[in-house]
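**Q** In the numbering used here, the protein residues as written are 52 to 325.
Dumping the structure here so I can ask a few things about it.
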């Protein structure tokens, strides 16, 4: 329960802020939100994906009514339609799913930031960490996690769009989970590469040891075959891997560069629409 306490506190704080942000908004203030509500209302009435208005000529409408969502994607309308079917069509009702979903974004940011910074402290500065209390490492990671989460919750001019019936909230939440899935995939791939690299190093060591006993140097062909690559490609492959590892270490394990960049990235991802 103690581990869930910051998430509960953050959710309550964000939800209260989202509600306060939503209250001054009395109606859809721009065309996209109005269109989303219009399609959702038709869905709630059982009419399907149809439009009764000419809102844009980008889809070259032939008449009224005509099929909807030939330009915008239907997910925001699908999120609203069940609420309209239960409580009736109103702007306040349309805001509910977006208030709830946008309140989850800071929680996910908090989790991801704490995970990244805790791992960064545990790997990038082993010498320093060995001299300090591990609780300080967790505290530093938590500080950055709170900063990232608050950047997400209080995101400047675009704060009002989190509670609007539009694509902002679904896009941000989906993009966040996609980025997390990509990171996990890269991490798992890196573990597999490490295992392969260890096996190759063992094979190379065996080749060198056997040639040392015979008092001769291993050939390029023997070294390359122990690495599982062709001789003419071995040197270029090893050089490429070395450059890639040096770049990734600089990008991911340099705290002075990575942490501010990560915070700015969180702010830009959740504060602006791409």
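By construction, the Cβ of each residue, glycine as well, lies at the ideal position given by its N, Cα and C atoms.
None of these values were measured; they are calculated from a predicted model.
In the DSSP assignment, the alpha helix (DSSP H) including residue 69 goes from what residue to what residue?
**A** Its alpha helix (DSSP H) spans residues 56-73.
**Q** Work out the CA separation of residue 101 and residue 134 for me, nearest whole Å.
**A** Straight-line Cα distance between these residues: approximately 18 angstroms.
**Q** Using a Cβ-Cβ cut-off of 8 angstroms (strictly less than) and excluding sequence neighbours within five positions of residue 231, which residues of its own chain qualify?
**A** For residue 231, where only same-chain residues beyond five positions count, the Cβ hits under 8 angstroms are 159, 163.
**Q** Does the beta-carbon distance from residue 214 to residue 87 come in below 8 angstroms?
**A** No; because the gap between Cβ atoms is not below 8 angstroms, this pair is not in contact.
**Q** Taking the straight line between their C-alpha atoms, what separation do you get for residue 271 and residue 225?
**A** With a pLDDT of only 48 at residue 271, under the threshold of 50, the placement of this residue in the model should not be trusted, and no figure is reported.
**Q** Flag this pair as yes or no: are the beta carbons of residue 69 and residue 154 separated by less than 8 angstroms?
**A** Yes, the Cβ-Cβ distance between residue 69 and residue 154 is below 8 angstroms.
**Q** Just to confirm, are residue 131 and residue 116 a CB contact at a threshold of 8 angstroms?
**A** No, these two residues do not count as a Cβ contact at 8 angstroms.
**Q** Residue 111: buried (16+ other C-beta within 10 angstroms of its C-beta) or exposed?
**A** Counting Cβ neighbours within 10 Å, residue 111 comes out exposed, since fewer than 16 surround it.
**Q** Give, in chain order, every unbroken run of the alpha helix (DSSP H) that is at least 4 residues long and sits entirely within the segment 79-114.
**A** Complete alpha helix (DSSP H) runs here, min 4: 82-95.
**Q** Can you check DSSP and say which residues form a bridge with residue 148?
**A** Answer is none; residue 148 lacks a bridge partner.
**Q** In angstroms with no decimal places, state the Cα-to-Cα distance between residue 143 and residue 78.
**A** Roughly 8 angstroms between the two C-alpha positions.
**Q** Please report how far the alpha carbon of residue 56 lies from the alpha carbon of residue 66, in whole angstroms.
**A** Straight-line Cα distance between these residues: approximately 15 angstroms.
**Q** Do residue 105 and residue 122 come within 8 angstroms of each other at the CB atom, strictly closer than that value?
**A** No.
**Q** Write down the C-beta distance between residue 216 and residue 84 rounded to the nearest angstrom, noting that I regard them as a contact closer than 8 angstroms.
**A** The Cβ separation is near 5 angstroms, so the contact holds.
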